[in-house]
Structures are given as C-alpha cells and as structure tokens.
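Chemist: Heads up: the sequence lines are chains Y and P, in that order. Positions 1 to 164 (the working numbering) are the ones given, in order, by the first sequence. Positions 1001 to 1659 (the working numbering) are the ones given, in order, by the second sequence. Beta carbons are placed, not taken as given, at the ideal position from N, Cα and C, and that holds for glycine.
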Amino acid sequence: MSSPPSASASSSPPPCPKKMITLRSSDGATFEIEETAALQSKTLENMIHENCASTLIPVPNITGEVLARVVEFCSKHAEAGVDDESLGAWDEEFVAVDHTTLFDYIRAANFLEIPTLLDLGCQTVADMIKGKTPDEIKKTFKITTACTPEEEEEVRGENQWAFE
Amino acid sequence: MASLESLTEDLLVRIYKGLASDGDRKSWRLVCRDFHRIDALTRSSLRVLRVEFLRSLLANYPRLDTLDLSVCPRIDDGAVAVLLTSRGSPWAFPRAASSSLSPPGRDPLAWTRGLRKLVLSRSTGLGHHGLEQVIRACAYLESVDVSHCCGFGDREAAALSCGARLREVKMDKCLGVTDVGLAKIAVGCGRLEKVSLKWCMEIGDLGVDLLCNKCVDLKFLDLSYLKVTNDSLRSIGSLPKLEVLALVGCSLIDDTGLQFLGGGCPLLRVIDMSRCNGISSCGLISVAKGHEDLVQLNASYSLTECSSILLRCFKDLKNLNAIKIDGARVSDSAFKALSNCTSLVEIGLGKCIGATNLGLMRLVSGCVNLRVLDLTCCHSITDAAIFAISDSCRNLTCLKLESCNMITEKSLYYLGSFCLLLEELDLTDCGGINDTGLEYLSNCLELSCLKLALCPTISDKGLGHIASKCRKICEIDLYRCNGIGDDALAALSSGCKKLRRLNLSYCSDVTDRGMEYLGQLEELWDLEMRSLFNVTGVGLMALAAGCKRLADLDMKYCENVDDSGFWALAYYARNLRQINLSHCNISNMGLCMVMSNLTRLQEAKLVHLNKVTVEGFELALRTCWVRIKKVKLLAALRFKLSSDVRETLHSRGCKIRWD
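1) Sorted by chain position, which residues of the same chain lie with C-beta nearer than 6 Å to K1556 of chain P's C-beta, five sequence neighbours on each side aside?
2) Are T1428 of chain P and K1451 of chain P close, meaning C-beta to C-beta below 9 Å?
3) Following the continuous beta strand (DSSP E) through I143 of chain Y, name the residue where it begins and the one where it ends.
4) Under 8 Å Cβ to Cβ from K1611 of chain P, same chain only, skipping five residues before and after it: list those, please.
5) Which residues in the same chain as S8 of chain Y place their Cβ atom closer than 8 Å to its Cβ, once the five residues preceding and following it in sequence are excluded?
6) How do the stretch 96-114 of chain Y and the stretch 34-46 of chain Y stand: do at least 3 beta-carbon pairs fall below 8 Å, yes or no?
7) Classify V1187 of chain P as helix, strand or coil using the three-state DSSP reduction.
8) Rounding to the nearest angstrom, what Cα-Cα distance links L1504 of chain P and A1079 of chain P in this structure?
9) Could you check where the beta strand (DSSP E) with M20 of chain Y kicks off and where it finishes?
10) Can you check whether the CB of L56 of chain Y is closer than 9 Å to the CB of L23 of chain Y?
11) Name the DSSP beta bridge partners of N1503 of chain P, please?
12) How is E1346 of chain P classed by DSSP in three states: helix, strand or coil?
13) So T145 of chain Y contacts chain P; which residues on that side make the cut at Cβ distance below 8 Å?
14) In its own chain, which residues sit with a C-beta less than 7 Å from the C-beta of K1632 of chain P, not counting the 5 before and 5 after it?
15) Can the beta-carbon of L1069 of chain P be found less than 9 Å from the beta-carbon of L1109 of chain P?
16) Please go through the same chain and pick out, in chain order, the residues whose beta-carbon is closer than 8 Å to the beta-carbon of N1405 of chain P, but skip the five residues on each side of it.
17) Run through chain Y and tell me which residues come within less than 8 Å of L1026 of chain P, C-beta to C-beta.
18) From the DSSP output, in three-state form, read off R1362 of chain P for me.
19) Who are the neighbours of I137 of chain Y on chain P, taking C-beta pairs under 7 Å?
20) Counting only Cβ pairs nearer than 8 Å, list the residues of chain Y close to L1019 of chain P.
21) So which residues on chain P does N110 of chain Y lean against when the C-beta distance must stay under 7 Å?
22) By DSSP, does K1629 of chain P sit in helix, in strand, or in coil?
23) Suppose you measure from the CA of D1316 of chain P to the CA of V1295 of chain P; what does that come to, to the nearest Å?
24) Just the Cα atoms here: how many angstroms apart are S1468 of chain P and A1388 of chain P?
25) Can you tell me whether V1330 of chain P is buried or exposed, with buried defined as 16 or more other CB within 10 angstroms of its CB?
26) Secondary structure at W1199 of chain P, three-state DSSP: helix, strand or coil?
27) Inspect the beta-carbon positions of L1320 of chain P and S1343 of chain P and report whether they are closer than 9 Å.
28) Could you name the residues of the same chain whose beta carbon sits closer than 8 Å to that of C147 of chain Y, not counting the 5 residues immediately before and after it, in chain order?
29) Among P:E1005, P:L1019, P:L1058 and P:L1046, which has the Cα closest to the Cα of D1034 of chain P?
30) Using 8 Å as the threshold, is the stretch 1636-1643 of chain P in touch with the stretch 1123-1132 of chain P, meaning 3 or more CB pairs across them?
31) Take H1291 of chain P as the anchor and find which of P:S1333, P:L1242, P:I1279 and P:V1248 has the nearest alpha-carbon.
32) Say whether chain Y places a C-beta atom closer than 9 Å to the C-beta of I1015 of chain P.
33) So with CB distances below 7 Å, who are the chain Y contacts of R1050 of chain P?
34) Is the number of C-beta pairs between the stretch 1209-1222 of chain P and the stretch 1230-1246 of chain P that are closer than 8 Å three or more?
35) How many angstroms separate the CA atom of I33 of chain Y from the CA atom of V1195 of chain P?
36) Does any residue of chain Y have a CB that is nearer than 9 Å to the CB of D1022 of chain P?
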C-alpha cells in the first residue's frame, strides 16, 4: 500500500502566471513588462485599470533603446525585498550615462509619468549643475543661446547687489 | 541633441527646483534667457538687499510668496507709497525701469496678491501709515514679522489688525504695544495661529485674556519676559489647540498658574519656562501629569532643585525628546531617574550642581539616543565621563563642555573614535586641551562648529590638523587663543572653504600675512578681530578685497590699521552691515568714506575714534542717516553734535547709544 502523502511532500501551488504588458517603442521594437512593474507608471496604471492594457501599447516618443532601460528601471523598483541602500546604488549606476541618454530618460519618465525616475533624473542633472559657474554650465550642457552683454551685466548686478 | 535646452519648460523647472543652494540658483539665472525666465517664474522667496531694485524685482518675480525686507535699508512710508502705485515712478528709484529680460505689460501690483509672508523685522523707518497701506494691499497675507521695530506701538498694531487673513504675527520687541494694541489685533485677526510678543513689556493679563478669547485657533504663543501673572495662565489654559508655549523670564508666575496649565491645553507639546523665578518642581509636576504627549520641557535656571517625584514623572512621558534643567541641583538618583527616559534626544545640564562622573555614566547608560548634551560649567567631570558618553551615545551631534577644565586630550580621543557624527563642540575655557587632542578630534569629519575660546594651550599645529580633515567647518571661535598665528589661518584658508564665522580677537600674533590668507575665504561673513596690533592697512585691504560677503566686522582696538585699509574697506566691502571701529585710528576722511560708500551699513559702533573731530562725525552721520539704524557714540558727543543731526537720526528711527 502506498503511504498516504505527507503534508510536507505536497508541492507548493504552481506560481500564478504573471500578467505581462507589451509596449512598442517608436522604432517598432516590443518589450514585455510585468503588470506590477508597469504600475510604477501612472499612465500605464490608468490604462490597466481601464482594461485597455490587454493589447499592445504604443509608446511613440520613446526609442527602443531607452524604453528597454525604462522597463528595466520599473522592474527593479517593483522587486520585493531590495533594501534602500542597494537600490540607491543601483539607481546611481543607472543614471551614470551621457547627457543625451539622461535627458531621454527624463522625457520618457515625464511621458509615462514615472515619478521615481523623473525625480531621479532631474535631481541628477541638478547635482551636475551644483557648484558650477554659468560658463561651465553652458559648456557642460552645450547651451548655445545666451544673453546679450547688457542683459548679462544687469543680471550679474542683480545677483550681487539686489537680493540674497 | 545633448543640449539641456531641448527639455520642455516644466522639466527645466523641476531641475531648477533641485538646486538647493542660493549660489547655484544665481548661476542658473546667468546661463541664458530661458533659464533666467524659469528662475523668474519659479522663485518664491526674495531677501532684498537694496531698495533701488525692489520695484523691478517685484515686477519680474510674479510667483513670490515670501518677501524679506529686514536687511533692506530705507524701507519707510515713502518707499511703500512708491511700491504700491500702479504707475512706475522712475524719479524715485532710478533703477526701477523693468528689466529688458522681462515681458512688458505686466501688472506691477500682481505681487500684492501672491504675497503670503512679509518680513519687516528691524524696518524702523516704517510708520503706521505705510504699514497699514501694505497690509491692506496684500489681501492674502498670512504671516507678518515686525520684530525689533522698537518704536512700534498701538497705532502700528492697529495697522496690523487690518490683515484679516493673518495667521502669524511676530512682534518681538515692539516696545510700545500695550493691551489696547493687542486687543485690536485679537479682534481683527481671528484666524491667528502663531503669536510672538517677546519683550512687549507693556502687555499684561488683560491683553492676553482677550487674545485667548478671540483667537481660539492659537497653536504657538510666546509671552517671554512679559509681566503676566497666573491669571494669564488661566486664560491660556482654555486654548484648545495650543501646542507650543514660551514663558521665558516671566517672573510673576508661580506654581498656582502652572496648575491652570496642567488642567488645560490638551495638545501642549513644547513648553519653555526657563528663568521663571517663581516656579518650582511642584508646578512642573502638574504640567507633566496633565500632558502625557509632552515633547520638550525647558526649565533652565528656574529650578533650584529637581525633586525625585518630578523626575519619576518624566518616565511617563513616552514622547519626551528634550529636557533642560540647567542651573538645578541634581543628585545621582536624579540621573538614574532620567536614564529611564530612553526617548530623550536632548538634555541640558549646564551649571548643574552635583553633576558628577557617576551620575553622567548612569544617565547615558539609559539615554543612548542622545544627540545634544549641554554640560557647560560642570566642573567636576573628567575624561571618564566623556568616555562613557561617547561610547553609549554614538549619534551625538552637539556637545557643550565650556569650563570643564579637567577634560584632557583623552576625551577628544574618545570623541574622535566613537562620535563620528559630531557637528558642534564647545571647548571654551577647557584648559586641559592641547594640539594632540585636536589631532584626535579631526576624525570627526562632520564637525561644523568648533569653539576653542580661552584655550591658550592650542597652537597652529593643532588647528592645522582640524583644517586638513574637517572640511565642513563653518564656525570657529579662537577668542584669546594666544598660541594661534598666521600659520593657522593659512591652514584654514586652504582646508575650510566653507568658513562663515571666525573669532580671532586678541590673537595678537596674527599679522598682515594671516589677513591675506583670510582673504581667500570667500564665504566669510562674520569676523571678530579685536585688538590685533600687528595688522595694518595692508592686511585690512587684503581682507576686504577677498571676502566679498563680509557682513559683520568687529575690529575694535586694531590701532595700527591706517586709512589705506579703511579706504579699501569702503571700496570693497559692499555687503557690510555691521561694523565696530571703536578705538581705531581712522581719520575724518576715512570715516566719511566708510559711512557713505557702504550702502548696506546699518549698525556702527564708533566710540573713541581719537582722530575724528566733531565735524567729522557730523559729516559721516549726514551721509548715512537715511539708512543707518543703530549707532554707538561717545557720551561726550551728545552735547557737541548738532541737534539737526540728532533729530534727523531720531526721526528716521535710528537708535543712538551713548557710551
């Protein structure tokens, strides 16, 4: 007679299939993202709640390369059991990219309404500006438009004498 | 397209808001037109330095909610009238033409609708008429600060009462305000939540009673130094939402009054009853028993003795964060009782008789979350106590050890090993400290404020250790440290770039070379350098040319500085607000240049200027009487100065002190 199966021998219930959402970038590439990770984006969250998310969601302003990284970001931030310190270190590495890519992240985060990525991106840029003189800022960020010398003189005067 | 300009405006605004420091925001403004516009559209708070810019600034910054005019000279009824006219008046303020960078057609009075907080502290030239105009114009104003306008009285209080939406009023040191004025405010501003009346000594129980009856939303009330009695406490007890109460120096209240408080104010969290001679442990017990959510209790210099019943009461206060019992006699069992309050973060035991090593060891064995500890004048403590404190309280950020003369370099070794979050350390008059100790201390990399006054045993070497590692230092006090010379200043200038406040008084080894090093400290804002005999005009010139932000300078007794130094000061030190030139050898011409050129100068001490004649003083005072607020002169001048000068100064709200 076969022994009755003991409680410990019963296997754990099979994992529920995670609901995936498919996004399509501006250049036609598709990416899958877990629903829990997609909730990081308010735009996608609204779509999920209105049940529009079952089909492919086009994301027209964002290229495949950037979208892939954004998906990675959301997945990482939706992971359970990651402590603040290692998440912070991961974030720092995430934004250690060239300026073009960083601005793309910011634009993507703005379009998809991902507050964590938006704050991270904008604060990173702000940190890059900290301590720099106006000329250094212009050079670092390749800003071409400038004030006329008279305007600059006026603003400099205000900076020094008008207010704190 | 890697340009920052490619981002949309709202994203740029977000980035701009990530810039915390003022300097960065100013650099941002200078980058390009778009950035300047973003700054103009986003900036919400301005502290104006010069009245000539005021009108154009108000026109260009439409989102201002806070305006601080406390350091702006010449704020008077006339200035207010000009600000509130809808047409520009270029003849009054020549720079008032709106900036070429701002779009035309803006309503010049839009700022009045956006303003929520107005700071007019020390605006002594303003009268009740101008004040009323500005309060009425800014209909949505919620907070106004007129503290230290010592001439303000009931008419000005009536002007303030026109602000029906006011929630916060600060009237510290408005000496003329009486119960009548306070009554007007109480009736006119029913929504008040925060009221500060420190030093308004004409106010009494009647005014306080009316205030408590009419302004039931009060959360914060400061009646320090007022001659209020227990009756006021009865009225205050009825306030249902009061959270913070300050009664410093209210010598007419006693335990009976505190019983009223014990039974009322259910939401009370912070109470400051320091320097109240009439209260005792009994009264404090009734307050503690009635308020289990008490967070801060300050009874410094009010108690002669901390009874054990009182200390046992504290155990029931689960949220107690801070307690100050400076000046009281404490026993070892008292320390044991306090050690049960593990939530304590701040303890004040200055001048406490009976503070011993054993007691402190008991205290810190329980209160391991301590961050601030004041042991000023606890003469009997030694290195053993500091070891216990550093070992138990690893989160210590502020430690005051003034006059603890048995402390040696060993204590600094313990602090440098265990308390790495230390930010503030006061070692004034600790004769046992030496250079080796400072070397140990330099491991505390977060150190920002260090007081070493009256420590003759430290020298340039010790300070060099601190300067090389502690980069966050903002404030150093080296008053009467005879061992300090130019080399220490060299070390500070290269290592402590953030230094803002420095006291070098009586460090007579400092010479012009040291001053040159100081000139490299761009953030230096407050410098006291009394009696530096070896500094001449050359040194002062180097200092003035380099430290562009210098606002406060005390050079009393620097007798070897000649006019070349003062001319340089007059030319370079444009941000100077306060100066002490007493006993200096400045000439008539030098004084005139200093007082007239420094358009931000508001306080000057000019006693015993032996080379300046009466005519010299007259001329100098005439050049600055539109903006000077406080001046200290030799008493003998009182009868020699023309009445014209004295009366004009008085009418502009300037306070003259005769020495």
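Modeler: In short, the structure shows the following:
1) R1530, N1580, S1582 and H1583
2) yes
3) No beta strand (DSSP E) holds I143 of chain Y; DSSP gives it neither H nor E.
4) N1585, I1586, S1587 and N1588
5) Unreliable placement is indicated for S8 of chain Y, whose pLDDT of 47 sits below 50; no coordinate value is reported for it.
6) yes
7) The three-state reading of DSSP puts V1187 of chain P in helix, counting H, G and I together.
8) 39 Å
9) Counted as a single uninterrupted DSSP element, the beta strand (DSSP E) harbouring M20 of chain Y occupies residues M20 to R24.
10) With a cutoff of 9 Å on beta-carbon distance, L23 of chain Y and L56 of chain Y are scored as near each other.
11) Assignment of beta-bridge partners to N1503 of chain P by DSSP yields P:D1477 and P:E1528.
12) In the structure shown, the three-state DSSP call for E1346 of chain P is strand.
13) E1005, C1032, R1033 and D1034
14) Exclusion of the five residues before and after K1632 of chain P leaves K1605, L1606, V1607, R1657 and D1659 as the residues of its chain whose Cβ lies within less than 7 Å of its Cβ.
15) no
16) H1379, D1429, C1430, G1431 and G1432
17) The question names Leu, but residue 1026 of chain P in the sequence shown is Lys. Under the 8 Å cutoff, chain Y gives N159.
18) helix
19) Chain P residues near I137 of chain Y: S1027 and V1031.
20) A126, I129 and K130
21) L1011
22) coil
23) 12 Å
24) 28 Å
25) It is buried - the Cβ of V1330 of chain P has at least 16 other Cβ atoms within 10 Å.
26) For W1199 of chain P, the three-state secondary structure derived from DSSP is coil.
27) yes
28) V155
29) P:E1005
30) no
31) P:L1242
32) yes
33) W161 and A162
34) Under the three-pair Cβ rule at 8 Å, the stretch 1209-1222 of chain P counts as touching the stretch 1230-1246 of chain P.
35) Going by the C-alpha atoms only, they are around 55 Å apart.
36) yes
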